[in-house]
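Heads up, the thing below is written out as structure tokens.
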Amino acid sequence: MSVLEYIQAFICLSQYSPEDVGTDPRRAARLLGGFDPTLLTHLGRRYHSFTELVDAAIDMEHRLREAQEDQRRKRLESTPPSSSSQRQRVGHQSPPHICYLEEPQQQEQHCRTQQPLSSCYVPPHPTASIPEGEPVLASTFLINEHPTVVLFDSGATHTFISRSYVTKYGYHINNMKTKYHIKAPGSPIDTNQIMRHLSLCIGTKEFYVDPVVLPNQGIDIILGMDWMKEHNVLLDITSRTSHTVNATEAQLIEKIPVVSNFPDVFSEELPGLPPDRDVEFAIELVPGTAPVSRIPYRMAPDELKELKVQLQEQLDKGFIRPSSSPWGCPALFVEKKDQGGKRLCVDCWPLNAVTVKNKYPLPHIDILFDQLARAKVFSKIDLRSGYYQIKIREGDITKTAFSTRYGLYLVMSFGLTNAPAFFMYMMNSAFMNELDKFVVVFIDDILIYSKSEEEHKEHLRIVLTQLREHKLYAKFSMCAFLVEGSHILSEKGVAVDPSKVKDVLNWKQPETVTEIRSFLGLAGYYRRFIKDFSKTAKPMTSLTKKNTNLNCEEAFQTLKKLLTTAPVLAQPNVTKPFDVYCDASGNGLGCVLMQEGRVIAYASRQLRKHEANYPTHDLELAAVVHALKIWRHYLLGNTCHIYTDHKSLKYIFIQPELNMRQRRWLELTKDYELEIHYHPSKANVVVDALSHKAHCNFIDARSTVRVLFCEIGEIETPTVLEAELYNLIIEPTIKD
């Protein structure tokens, strides 16, 4: 039965089963499933339009018949005489090679490649199957918008095109001055014909090739090593896939130890849908929920144009597909932060509102930092389009439909409420054996830390191997390898990220309550780096209340200055004792956690209304309790020394009479192994030594040299050179 006869029978029988062909994609899928396996192989991709599939099937059948006729005719023309000597000579022919030679009479060993070529398999017709173990791949792609059988051949030195294909579509052929002498199956071929700037579309990428024209070989296009080398193509023979790597990135990857062995992990684009894994994204709905659908948002003409382009790209990749789902969330564009352009997103709030929230815990950033103690070498790996690398459960795909002006589409899990939790679970499962040893994972970011460079290379190899085995792909431009210190992490500890502080420094003076809250929210992220943050920010916090009129300009500028002079915080060692310095005042509570003379973290908060009435004794004790609560994960099970400038607090454990509040707080302290020591405020390390180290940087010291030099001259002291003042070392005045 021909394709046309089969299609006519399909249309006739479809009326008896309308539910199976209710939509155009379903109708196309049903038709595709009934085609001959040979025809099905050469169609090459899934068709969602019934008309498009019919046209492609009829065209492919016609081409296959032409190829079969050409093969049969060539076989009859090239049949050798049936003499025994000729049969013996034919039986001892060497395997066919395909090689570029500049002169027709030049021998293969004089080829300018200067190396022996591996055997190249050139199928005699399109229906030929590719043998297992051959270094080639074949599929159907668009050449100048025409479906074309393309062979990826790592044994061919150049790119070739079939003459019958050129004639069929009427392409223009150019003649070259120099002939090509090509060894191909059958007999050598001489040709001087070539095509220029032929457009080849593979997925969402467009390439231009200059193929040499060959007599009919059965395959339309053969992409050889010249094209693969130019575009850094990686062929995966096992999974029958190919990847392209950015040329600049490929050069950088080759220079990095260990990473150079894993270029496929840093593919420029995702190869397609992710493989089947144990973890799939599921959407559990609140019982009794009906499908929710929203009309598309209105878009500007430029956005509509960009929408068409991005939808087609996602369709070609297989990430989305047309849908008639009763669900639908509106799509919108968001400006990309680092690359410019627009990112297509989905406003999933209608679906998120009826979704049962996944409570899988996400790690706190401070807890992750604590694991990096004594690490000196770091590497960071950022996955490419992370959420596109996890599949949605089959039964939940219809719920992820999003609506546009051009119809409904099914999307992956960007924007869905449980996406971070599911992705975190998948990443933890993939790196379960490495977590907390030398790997930290936060959603789609992987941090590798080690104590030495040699150890780090082995750790990096293990992580990249895991990524390859789980078919997870990273974005090379967002990665960093074998770094001994960065904007935040180093062997000294954790510091403020200058790029984030820059946003605070450039912040204009707030004029509304909303702007004040925005500034405090951003600056509050760094409160662990700033001593007495709450006390300093109190004037600005008070402005968020009603009937308050205070001047907060001084507090606003002070916070900016403190961020620029924030110290590097040391990483804690839970096997050593801690020192806690506490202080309380009418404005708030302040604490400093230290270890071996280095600051681990700062903590502070403002007083609550009822705490403003506490006596001094209770207020100082409240500061101690606040420190024990906030740093419980450090102090519990370790020896800790607490220092306060309130002397009576030293005797709290032997105090004969306690009020109810003090008794309650003492019950809390019984879980800790602690000692309370008295330090006068003038002799407090926090006030003196730390303030000098944290807030007196090199720039401040240089600015005071000229003033100090003038003052020394006024009191008529012995001659002091200005250079000597520049060499003075700033040290705390109080020593232990």
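Position in the sequence shown (first residue = 1) + 1 = our numbering.
A virtual CB, placed ideally from N, CA and C, is assigned to each residue, including glycine.
Keep in mind the model is a prediction, meaning the values are calculated, not measured.
Helix, strand or coil, according to DSSP, for K476 in the structure here?
coil
Helix, strand or coil: which one does DSSP assign to S692?
Note that S692 scores a pLDDT of 32, beneath 50, so its modelled location is shaky and nothing firm can be said.
By the 10 Å Cβ neighbour count, where 16 or more other Cβ atoms means buried, how is M781 classified, buried or exposed?
Lying outside 2 to 737, the shown extent of the chain, residue 781 is not represented and no answer is given.
I need the DSSP call for K358, collapsed to helix, strand or coil.
Of the three classes helix, strand and coil, the one that applies to K358 here is coil, per DSSP.
Please report the distance separating the alpha-carbon of S3 from that of R28.
19 angstroms
Might you give, ordered along the chain, the residues of its own chain that have their beta carbon closer than 8 angstroms to the beta carbon of E6, omitting 5 neighbours on each side?
none
is_contact[L417, chain C] using C-beta, thresh 7 angstroms:
Within the model displayed, chain C is absent; a lone protein chain is all it includes.
Consult DSSP for K392 and reduce its assignment to one of helix, strand or coil.
coil
Cβ distance (whole Å) where S268 is taken to contact Y474 below 8 angstroms
5 angstroms
What's the call for Y122, buried or exposed, on a 16-neighbour Cβ count within 10 Å?
Caution is warranted here: a pLDDT of 35 is assigned to Y122, below 50, making its placement in the model unreliable, and the coordinate value is therefore given only provisionally. Looking at its Cβ environment, which holds 16 or more other Cβ atoms inside 10 Å, Y122 is buried.
Taking the alpha-carbon positions, what's the M595 to Y644 distance?
11 angstroms
Would M428 and I391 qualify as a contact pair, given that the criterion is a beta-carbon distance under 7 angstroms?
no
Can you give me the C-alpha to C-alpha distance between Y181 and V335, rounded to a whole angstrom?
52 angstroms
Take the Cβ of K671 as the centre, count every other Cβ of all protein chains shown within 10 Å, and call the residue buried at 16 or more, exposed below.
exposed
Which same chain residues end up closer than 6 angstroms to F282 when comparing Cβ atoms and leaving out the 5 residues on each side of it in sequence?
Answer for F282: I391, I393, S414 and F423, listed in chain order.
In DSSP terms, what V335 is bridged to
R344
Could you please give the first and the last residue of the uninterrupted alpha helix (DSSP H) stretch that includes G34?
Segment D25 to G34, the alpha helix (DSSP H) holding G34.
Alpha-carbon to alpha-carbon, E470 and R278:
11 angstroms
For T559, which residues in the same chain have their Cβ closer than 7 angstroms to its Cβ, ignoring the five residues on either side in sequence?
T537
Taking one C-beta from the region 437-444 and one from the region 285-298 each time, how about it: are there three or more such pairs within less than 8 angstroms?
no
Return the bridge partner residues of Y77 from the DSSP annotation.
What sits at residue 77 in the sequence shown is Leu, not Tyr. Its beta-bridge partners do not exist; DSSP assigns none.
Cβ neighbour criterion (16 or more within 10 Å) applied to G171:
Flag for G171 reads exposed.
Would you tell me roughly how many angstroms separate the C-alpha atoms of I59 and F263, rounded to the nearest one?
43 angstroms
Cβ contact check for the region 604-613 and the region 633-644: 3 or more pairs under 8 angstroms:
no
What residue from F320, P511 and H611 has the CA that sits closest to P276's CA?
F320
Tell me which same chain residues have a C-beta within less than 8 angstroms of the C-beta of G387, skipping the five on either side of it?
F424, I444 and D445
With contact counted as at least three CB pairs below 8 angstroms, one residue from each stretch, are the region 584-595 and the region 648-656 in contact?
Counting Cβ pairs under 8 angstroms, fewer than three are found: no touch.
If you follow the alpha helix (DSSP H) that S430 is in, where does it begin and where does it stop?
A420 to A431
Can you have a look at P573 and say buried or exposed, based on whether 16 or more other CB atoms are within 10 angstroms of its CB?
buried
C346: which of D191, Q315, F153 and T356 sits nearest, CA to CA?
Q315
Considering just the uninterrupted stretch of the beta strand (DSSP E) at L590, what are its terminal residues?
G589 to Q596
Within the same chain, show all residues whose beta-carbon is closer than 7 angstroms to that of E454, passing over the 5 residues directly before and after it, in chain order.
V378 and L483
Cβ-Cβ distance between R344 and K476 below 7 angstroms:
Against a cut-off of 7 angstroms, the Cβ pair of K476 and R344 comes out as no contact.
Taking the alpha-carbon of I190 as reference, which of C583, V214 and G587 has the nearest alpha-carbon?
In terms of CA proximity to I190, V214 leads the group C583, V214 and G587.
Counted within 10 angstroms of its Cβ, other Cβ atoms place L77 as buried (16 or more) or exposed
exposed
In whole angstroms, what separates the C-alpha of H680 from that of E554?
34 angstroms
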